[in-house]
Amino acid sequence: MLLASAMVAAGLALSGVSLAELAVRNPQMAQATQPLQSTPGADSKPSAPAEPVTTGQRPTEIPPQPARPDAEAQKAGATPALPPAPAEKIAAPIKER
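Heads up: the sequence shown begins at 165 in this note's numbering, then just goes up one per residue.
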């Protein structure tokens, strides 16, 4: 227990000495980027383009198509938009206890 408390005290002392040394030194700050400057003529230019006007309605020219066409449409040459679903696995029925 004495050894552990001596190690904690030594760590605290070392941290204190390090912080004191950092406080004594003259801290120098470096600026990584140049300060922002406005472009010439920025007062006369608009900051952003105007928002496009939307009606909020869906286009009605193109009717929606089903993902899987019916059998008659497939015979006529229509291809399904989705691949066929995987077949379900069928197990033996559960026995009653």
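Just so you know, even glycine gets a beta-carbon here, dropped at the ideal spot from N, CA and C.
**OP:** If I'm right that Ala231 touches Pro244 with Cβ under 8 Å, what's the distance once you round it to whole angstroms?
**Re:** That belief holds up - the Cβ atoms of Ala231 and Pro244 are roughly 7 Å apart, short of 8 Å.
**OP:** Determine the direct distance from the alpha carbon of Thr203 to that of Ala174, and round the result to whole angstroms.
**Re:** Approximately 57 Å between the Cα atoms of the pair.
Original post:
What number of angstroms, rounded off, separates the C-alpha of Ala237 from the C-alpha of Pro257?
Top reply: The straight-line gap from Cα to Cα measures roughly 37 Å.
Subject >> The alpha helix (DSSP H) enclosing Ala174, as first and last residue numbers >> reply: For Ala174, the enclosing alpha helix (DSSP H) covers residues 166 to 188.
Original post:
Anyone know if the C-beta pair for Pro233 and Ala242 falls short of 8 Å?
Top reply: Against a cut-off of 8 Å, the Cβ pair of Ala242 and Pro233 comes out as a contact.
**OP:** Could you check what DSSP says for Gln198 in three-state terms: helix, strand or coil?
**Re:** Three-state DSSP puts Gln198 in coil, outside helix and strand.
Subject >> Residue interval of the alpha helix (DSSP H) (run including Lys239) >> reply: It spans 235 to 240 - the alpha helix (DSSP H) in which Lys239 sits, taken as one unbroken run.
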